[in-house]
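Trainee: Below you will find the structure I want to go over with you.
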Amino acid sequence: MSIVITDDFALALARAPIAAAIAAARLAGCGDERAADQAAVDAMRAALNALPIKGRVVIGEGERDEAPMLFVGEEVGAGKGPALDIAVDPLEGTTLTAKAKANALAVIAVAPKGGLLHAPDTYMDKIAIGAGYPAGIVDLDAGAAENVKALAKAKGVGTEEIGVCVLDRPRHGSIIEALRGAGARVHLISDGDIAGVINCTKPETGIDMYLGSGGAPEGVLAAAALKCVGGQFQGRLIIRNEEERARAAQAGIEDLKRRYDLDDLVTGEAAFIATGVTNGSLLDGVRYANGAVHTHSLILNAATGTVSQLRMRQPVQN
Ligand code: VTB
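Each position in the sequence shown, counted from 1, maps to that position plus 4 in our numbering.
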């Protein structure tokens, strides 16, 4: 079977997060999350529509009635080319951007039609680790301490050498306590768990595991990244009320308690592309200098196994 998403094609797709990052970065520090998000959405949508694809948004800004742009089900692209499922997070870290804090990203994941789980906009319980461990070494349904001990044993180190990334939220209090009780180092982040998950694959970050609940759409995007670079991910939707149940039904999810492994979230071929909005652990942010705008993007392609970083300088468009 021939590859749909070649490396050249993935490079072309990078135009979408690059455009979103540039637009959002103009509003970094403006204090207005919605404005920054809207700027990223508009720019990403325009860039996607200029690409030679028959794309369909499977993870987007919401349902058609609540999000006029990049809503779930929206057709994007110039209409010629491969049929692709597209998951977008035009601004991952609206609060980070509004406060000009580190680690905001513009993100897309693509796969041939049917390749990405249509995750509803609910929370998801997540656990992730990097590549090189036996399958199932950590388990979403095991306790935090148990997972730390299992990972330390597999890595051949003491638990004090295990770094775990967790979103800093009151709901994670008992997880954080259990992790610290087991001797792990807890890296608390204020936002941005896609980067949190990807950091498990980068030893220099000191993060070995990601644990806790965050957005389900972000879970699929992060899983797409791990699909490309290796690693393990397990997730389960958190459905708290009727509205969320309805959202899951609308997304075609029947088994609300299902535990998703990486391959359930992202089947077959996939590409993950992120561009830095503000400086971060994964990417440099957008920078303006001498009439040019500089961007830094990460392009991961599961079909080819290629990992690229793209630094682009373009004249500033006014
Ligand atoms: C999560 C996380 C995201 O926002 O959705 C979080 O997955 C929102 O969580 O990466 P709370 O509702 O607990 O604030 C991000 O951190 C950024 O979009």
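For every residue, glycine included, the Cβ atom is placed at its ideal position computed from N, Cα and C.
Would you mind stating whether L266 and A306 have Cβ atoms separated by less than 8 Å?
Mentor: The count along the sequence shown starts at 1 and reaches residue 266 at position 262. The count along the sequence shown starts at 1 and reaches residue 306 at position 302. No.
Trainee: If you scan the stretch 239 to 289 from start to end, which runs of the beta strand (DSSP E) of 3 or more residues do you find wholly inside it?
Mentor: Complete beta strand (DSSP E) runs here, min 3: 275 to 280.
Trainee: Is the Cβ-Cβ distance between I277 and A106 less than 8 Å?
Mentor: Position 273 of the sequence shown, counting from 1, holds the residue named residue 277. Position 102 of the sequence shown, counting from 1, holds the residue named residue 106. Not in contact: I277 and A106 (Cβ atoms no closer than 8 Å).
Trainee: In the DSSP assignment, what residue or residues form a beta bridge with F237?
Mentor: Sequence index remark: in the sequence shown, residue 237 carries index 233 (1-based). Answer by DSSP bridge pairing, in chain order: A132.
Trainee: If you drop the 5 nearest sequence neighbours on each side, which residues of the same chain put their C-beta closer than 8 Å to that of L31?
Mentor: Locating residue 31 in the sequence shown gives position 27, where the first residue counts as 1. Correct list, in chain order: A39, A40, A43, T101, A102.
Trainee: With a threshold of 7 Å, establish whether the CB of I198 neighbours any heavy atom of the ligand VTB.
Mentor: Taking the sequence shown and counting its residues from 1, one reaches residue 198 at position 194. Correct: I198 has its Cβ closer than 7 Å to the ligand VTB.
Trainee: Specify the secondary structure class of A82 as computed by DSSP and reduced to three states.
Mentor: As a working mapping, residue 82 is identified with position 78 in the sequence shown. Note: A82 maps to coil in three-state DSSP.
Trainee: With distances taken between CB atoms, is the gap from G119 to A16 smaller than 8 Å?
Mentor: In the sequence shown, counting from the first residue as 1, residue 119 sits at position 115. In the sequence shown, counting from the first residue as 1, residue 16 sits at position 12. Not closer than 8 Å, so no.
Trainee: To the nearest angstrom, how far is the alpha carbon of I22 from that of K157?
Mentor: On the sequence shown, residue 22 is found 18 positions in, with the first residue counted as 1. On the sequence shown, residue 157 is found 153 positions in, with the first residue counted as 1. Cα-Cα distance, rounded: 40 Å.
Trainee: To the nearest angstrom, how far is the alpha carbon of A146 from that of L215?
Mentor: Residue mapping note: residue 146 aligns to position 142 of the sequence shown, counting from 1. Residue mapping note: residue 215 aligns to position 211 of the sequence shown, counting from 1. So the alpha carbons of these two residues sit roughly 11 Å apart.
Trainee: Heavy atom of the ligand VTB less than 7 Å from the Cβ of G219, yes or no?
Mentor: For the purposes of this step, residue 219 is taken as residue 215 along the sequence shown, with counting starting at 1. Yes; taking the cut-off as 7 Å, the Cβ of G219 has a heavy atom of the ligand VTB nearer than that.
Trainee: Residues in its own chain within less than 7 Å of D288 by CB, not counting five upstream and five downstream?
Mentor: Within the sequence shown, residue 288 is the residue found at index 284, counting from 1. Answer for D288: G280, H300, listed in chain order.
Trainee: Any heavy atom of the ligand VTB inside 7 Å of the beta-carbon of G97?
Mentor: Taking the first residue of the sequence shown as position 1, residue 97 is located at position 93. Yes, the beta carbon of G97 sits closer than 7 Å to at least one heavy atom of the ligand VTB.
Trainee: Alpha carbon to alpha carbon, what distance is there between A123 and R244?
Mentor: Within the sequence shown, numbered from 1, the residue matching residue 244 stands at position 240. Within the sequence shown, numbered from 1, the residue matching residue 123 stands at position 119. Near 15 Å, if we compare the C-alpha coordinates of A123 and R244.
Trainee: Using only alpha-carbon positions, find the residue among I303, V290, Q313 that is nearest to V320.
Mentor: Position 316 of the sequence shown holds residue 320. Out of I303, V290, Q313, V290 has the C-alpha closest to the C-alpha of V320.
Trainee: With a 10 Å radius around its C-beta and 16 neighbouring C-beta atoms as the bar for buried, classify G140 as buried or exposed.
Mentor: Taking the first residue of the sequence shown as position 1, residue 140 is located at position 136. Under this definition G140 is an exposed residue.
Trainee: Quick check: what's the CA-CA separation for P295 versus F13?
Mentor: As a working mapping, residue 295 is identified with position 291 in the sequence shown. As a working mapping, residue 13 is identified with position 9 in the sequence shown. In the sequence on display, residue 295 carries Gly and not Pro. In a straight line, the C-alpha of G295 is about 28 Å away from that of F13.
Trainee: Is the closest heavy atom of the ligand VTB to the C-beta of D195 under 7 Å?
Mentor: Looking up residue 195 in the sequence shown gives position 191. Correct: D195 has its Cβ closer than 7 Å to the ligand VTB.
Trainee: Quick one, are the C-beta atoms of V76 and E67 less than 8 Å apart?
Mentor: By 1-based counting over the sequence shown, the position of residue 76 is 72. By 1-based counting over the sequence shown, the position of residue 67 is 63. Going by C-beta atoms, V76 is nearer than 8 Å to E67.
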